[in-house]
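Count along the sequence shown from 1, add 575, and you get the number used in the numbering used here.
Glycine included, every Cβ here is placed at the ideal spot set by N, Cα and C.
If you're wondering where the values come from, they're calculated on a predicted model, not measured in any experiment.
What follows is one structure encoded as structure tokens, with my remarks underneath.
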Amino acid sequence: MTRPNNIPLLGLCAIAALALALWLLLADGGGDVHAPEANTPATALDTQAALDVPLSAKAEGDTGTLPLPEKTANLDQTDKRGFEETTAETEEPALVPVYGALVRRGGAIARFELLDAHDQPLFDDAFRLQLWRRLGIRWIEEEVIWDDEQRLITCDGHSAAGLEPGEYELQVDSSLYGRIVHRFRVDKDEKLDGVLRMDSWRRIVCFDFKDLNGEPVAWIHAAPFVTSQAPKLEAIERTGAPDPVLRLPPQRSAGGRGGRGGFSYRRARGDGSRQYKTATDNGRYYVPVISGVQNSVTFSLGDEWGVDSVHFEGEFLAQEWECKEVVLDLVLDFNELTADWTPLGTQDPGRRSHLQWIDGLLNPPAPDDPADVRDRRLVIELEAPRGALVKYGKQSRPEDAYSITNLMAHRGNLHYVDARAGETVWFVVESQGLPITLPEPVKLADDADNPIQRIKRVISASVMTMPDWSLPPTLDAWAVHRQLIVSLDWQSHDGPVLGSWGFDAASRTCQLPDALSLLLSGAPQPDGAHVQWRFGGSERRQILRIRPTASDRWDGGWTPELKTIQIDMINPTELAASLPAGQLTPPKPSGLILRVVGPSGEGLPWVECSIVRYEDDKRANRLRDIETALADEGTRPSLNSVFADDYYDHIDEFNEDTIDPDRMKPFVGEAFIRHTSDPGDLAYYARTGAWYNTWARVKSDAVGYIYDSDAPVFAGQKYVLYLWSNSRDDLHPDARVVFQATGDLTDIGAIQLPAYSD
576 MTRPNNIPLL
586 GLCAIAALAL
596 ALWLLLADGG
606 GDVHAPEANT
616 PATALDTQAA
626 LDVPLSAKAE
636 GDTGTLPLPE
646 KTANLDQTDK
656 RGFEETTAET
666 EEPALVPVYG
676 ALVRRGGAIA
686 RFELLDAHDQ
696 PLFDDAFRLQ
706 LWRRLGIRWI
716 EEEVIWDDEQ
726 RLITCDGHSA
736 AGLEPGEYEL
746 QVDSSLYGRI
756 VHRFRVDKDE
766 KLDGVLRMDS
776 WRRIVCFDFK
786 DLNGEPVAWI
796 HAAPFVTSQA
806 PKLEAIERTG
816 APDPVLRLPP
826 QRSAGGRGGR
836 GGFSYRRARG
846 DGSRQYKTAT
856 DNGRYYVPVI
866 SGVQNSVTFS
876 LGDEWGVDSV
886 HFEGEFLAQE
896 WECKEVVLDL
906 VLDFNELTAD
916 WTPLGTQDPG
926 RRSHLQWIDG
936 LLNPPAPDDP
946 ADVRDRRLVI
956 ELEAPRGALV
966 KYGKQSRPED
976 AYSITNLMAH
986 RGNLHYVDAR
996 AGETVWFVVE
1006 SQGLPITLPE
1016 PVKLADDADN
1026 PIQRIKRVIS
1036 ASVMTMPDWS
1046 LPPTLDAWAV
1056 HRQLIVSLDW
1066 QSHDGPVLGS
1076 WGFDAASRTC
1086 QLPDALSLLL
1096 SGAPQPDGAH
1106 VQWRFGGSER
1116 RQILRIRPTA
1126 SDRWDGGWTP
1136 ELKTIQIDMI
1146 NPTELAASLP
1156 AGQLTPPKPS
1166 GLILRVVGPS
1176 GEGLPWVECS
1186 IVRYEDDKRA
1196 NRLRDIETAL
1206 ADEGTRPSLN
1216 SVFADDYYDH
1226 IDEFNEDTID
1236 PDRMKPFVGE
1246 AFIRHTSDPG
1256 DLAYYARTGA
1266 WYNTWARVKS
1276 DAVGYIYDSD
1286 APVFAGQKYV
1296 LYLWSNSRDD
1306 LHPDARVVFQ
1316 ATGDLTDIGA
1326 IQLPAYSD
């Protein structure tokens, strides 16, 4: 039998086998050092399309790669090219930023009315509020405020710029009422209103005191001692900010880097002779308790009432507490014995006012109501620019020092503070945190017939058109807080007078207090004037009745950050003319700005980045391959303090001609030296401290903005930005972005990254 001629077929098979072997070799990295799969440069996003592509993560103990994460909404994963070495012919194009809704904050607002189990307002405001935002298994604390006038819990984000899309948990802790943990979700720009109800409620218990003949008892000794005790509040454990991903630069050895509670009514005590009495309301006495939790009520009486005390405890749920009869065995001459005793609370017999507590809570007495004053009160009727407040300090004697640091209570345009007769109250008017008047003293008169001393102050203002302070889109969205600050200095005065004026970025107008012009043009003439332009992404607001617990550290999720650009001292006369005319020229900010967001457009905290010069990127990735291989062997180097002590002063001078491999070997190891055949690679590693640049690290704030006013980027030059969000391994970034620096400030726009997973 003749064998057919299969040579052409065998040749094709051989070619196919060689091609398959070559493909497998390339897919496996082609050697001992494996480069993980990655993506082409990430791109900025808008609401219509997400052009950014996250990198894949490396499996633990695997020298190869994992497939890319499952495709999510708004995440384009069509290009899966790895970190290839670029040449002049294959130079990657720089990012073309797209600015849209994703560079803006979430804008969501959630408001909750807080009620007890019977839909009544909470009697006691001494509760604790905490708001937590969930990101996978992690939580970050958000700002939450209690609006005392509207009696609402308001969750509207830092600087009232809105919450980011996502899941939240609101925690209300009260030692009287117990705890509520409420979970909710908001989308971008959503307005959410709701009602939260505690499991207990405030109830007015009536004790009806009668003698043995059934007649009402007109007097008891004193108000009762009352406690209401909610169950012990167990702490909720939460996983917070992750550990930092990126390495720090080499450091010199000498300079490295629930509860129980209650409330009570104080019982009057005399000198031991019990010469005090408290009027009842025709025998009745009204006591507030918190039904649904454990309470105790103790009336301290004495021999005249036939008993030393009467005591009640429980949850006070039964109907009998609507009017609980208490029979006392009074002595025969009770009325004669108590006739000369000092009465307490005669204006409110039996604490009858407790029956109107809701009206009093929602409609408190006016600041200038004499019935609300204990001793003396200063009331300032203030006509001033919107947002002006009054701060004060008290001085009992002329020789005593005082400090104007306290904020006056205010309702509408009435600002008020209680003091003693003869005390001097010093006050200043503030606008946006800085005083706009000189300190002024008011001594409270000793006038028993008129306990209120009322004065009026007018701080007039003119509408001033601000110069056009144009900011790039992402920086414009980040800078929710903007100020123009003027500081006037007098050598002949105790200190400077400061003026601060915020302005609406859209209308470009603000109210300029006329007092400034008077100060500038009047005598004595200030010696000089400073002007500052200040903008920032967050500003802590005063939170009344709540203990703030959010950390100011970046890894706690939120760092209040204000950027100030100082203008040199200018002539006060020139300032007086240029300010009202809006002729001041705002400076230009510099640096790098971008926003990192998750699949739903939510700003991501804790994102870390490193900036690498584009011409160093090939070298950086060669070193990343080496570090990855050595990490698998457990021999990845880390430049220590000994290295920093030896090299720190000359680290920027390292290059391929000056680096000494033998001198570097003790710090990086022999295997690292063997793999770095290019002396320039070793010099780069000595300068940067890792395959990325440990000296050029930037981090995102609580809502995903990354702004570095000192970023080492220069106009016209290209850079590579490596980003880590869900990946907590510095060898495996989540994304890589090629960008070109432009002008004073480079605005990259929005970059989409993988969200934090469980």
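Check for me: the beta strand (DSSP E) holding residue i runs from which residue to which?
i: residue 714; result: 713–717
i: residue 1297; result: 1293–1299
i: residue 1183; result: 1183–1188
i: residue 1011; result: Counting along the chain, residue 1011 falls outside any beta strand (DSSP E), and DSSP gives it neither H nor E.
i: residue 742; result: 741–749
i: residue 935; result: Unbroken run through residue 935 is the alpha helix (DSSP H), 932–937; no beta strand (DSSP E).
i: residue 853; result: 851–854
i: residue 705; result: 703–710
i: residue 1029; result: 1027–1033
i: residue 721; result: 720–722
i: residue 803; result: 800–804
i: residue 883; result: 882–889
i: residue 901; result: 899–902
i: residue 941; result: Here residue 941 belongs to no beta strand (DSSP E), and DSSP marks it neither H nor E.
i: residue 763; result: Counting along the chain, residue 763 falls outside any beta strand (DSSP E), and DSSP gives it neither H nor E.
i: residue 958; result: 951–958
i: residue 776; result: 776–785
i: residue 1002; result: 999–1006
What residue from the options has the CA that sits closest to residue i's CA?
i: residue 1287; options: 977, 1321, 1047, 1301; result: 1321
i: residue 778; options: 1309, 1161, 892; result: 892
i: residue 1017; options: 1296, 1213, 993; result: 993
i: residue 910; options: 1235, 1281, 669, 852; result: 852
i: residue 924; options: 1201, 1001, 944, 796; result: 796
i: residue 1237; options: 1220, 1258, 1219; result: 1258
i: residue 1293; options: 787, 1278, 984, 1315; result: 1315
i: residue 963; options: 975, 982, 675; result: 982
i: residue 1252; options: 1197, 1281, 823, 1212; result: 1197
i: residue 908; options: 895, 888, 878; result: 878
i: residue 1186; options: 1217, 1270, 1233; result: 1270
i: residue 1012; options: 1050, 991, 960; result: 960
i: residue 746; options: 716, 1274, 731; result: 716
i: residue 1306; options: 1014, 743, 1199; result: 1199
i: residue 875; options: 801, 1002, 812, 1166; result: 801
i: residue 864; options: 1108, 787, 752; result: 752
i: residue 1209; options: 1229, 1243, 1220, 1105; result: 1243
i: residue 915; options: 1159, 780, 850; result: 850
i: residue 1300; options: 1313, 1291, 1279, 866; result: 1279
i: residue 949; options: 1273, 996, 1033; result: 996
i: residue 1150; options: 1107, 1190, 1180, 1112; result: 1107
i: residue 984; options: 969, 776, 965; result: 965
i: residue 1245; options: 776, 1202, 937; result: 1202
i: residue 798; options: 988, 926, 1168; result: 926
i: residue 1240; options: 1214, 1230, 1265, 1231; result: 1214
The alpha helix (DSSP H) spanning residue i covers which residue range?
i: residue 693; result: No alpha helix (DSSP H) contains residue 693, which DSSP labels as neither H nor E.
i: residue 1247; result: 1245–1250
i: residue 877; result: Premise fails: residue 877 lies in the beta strand (DSSP E), 869–877, not in any alpha helix (DSSP H).
i: residue 1049; result: 1048–1053
i: residue 1261; result: 1254–1263
i: residue 909; result: 909–913
i: residue 1193; result: 1192–1208
Between residue i and residue j, how many whole angstroms is the CB-CB distance? I'm expecting something under 8 Å.
i: residue 681; j: residue 738; result: 5 Å
i: residue 805; j: residue 868; result: 5 Å
i: residue 1019; j: residue 998; result: 5 Å
i: residue 793; j: residue 854; result: 7 Å
i: residue 827; j: residue 1216; result: 6 Å
i: residue 1164; j: residue 1050; result: 7 Å
i: residue 1174; j: residue 678; result: Residue 1174 to residue 678, Cβ: 16 Å. No contact.
Within 6 Å: the Cβ of residue i and any heavy atom of the ligand NAP?
i: residue 1216; result: The model on display carries no ligand, and the ligand NAP is accordingly not part of it.
Do the stretch 763–776 and the stretch 687–695 make contact, defined as three or more Cβ pairs closer than 8 Å?
-> yes
Cβ contact (3+ pairs, closer than 8 Å) linking the stretch 952–963 and the stretch 1026–1034 = yes
Is the stretch 915–922 close to the stretch 889–905, with three or more CB pairs under 8 Å?
-> no
Is the number of C-beta pairs between the stretch 708–724 and the stretch 666–682 that are closer than 8 Å three or more?
-> no
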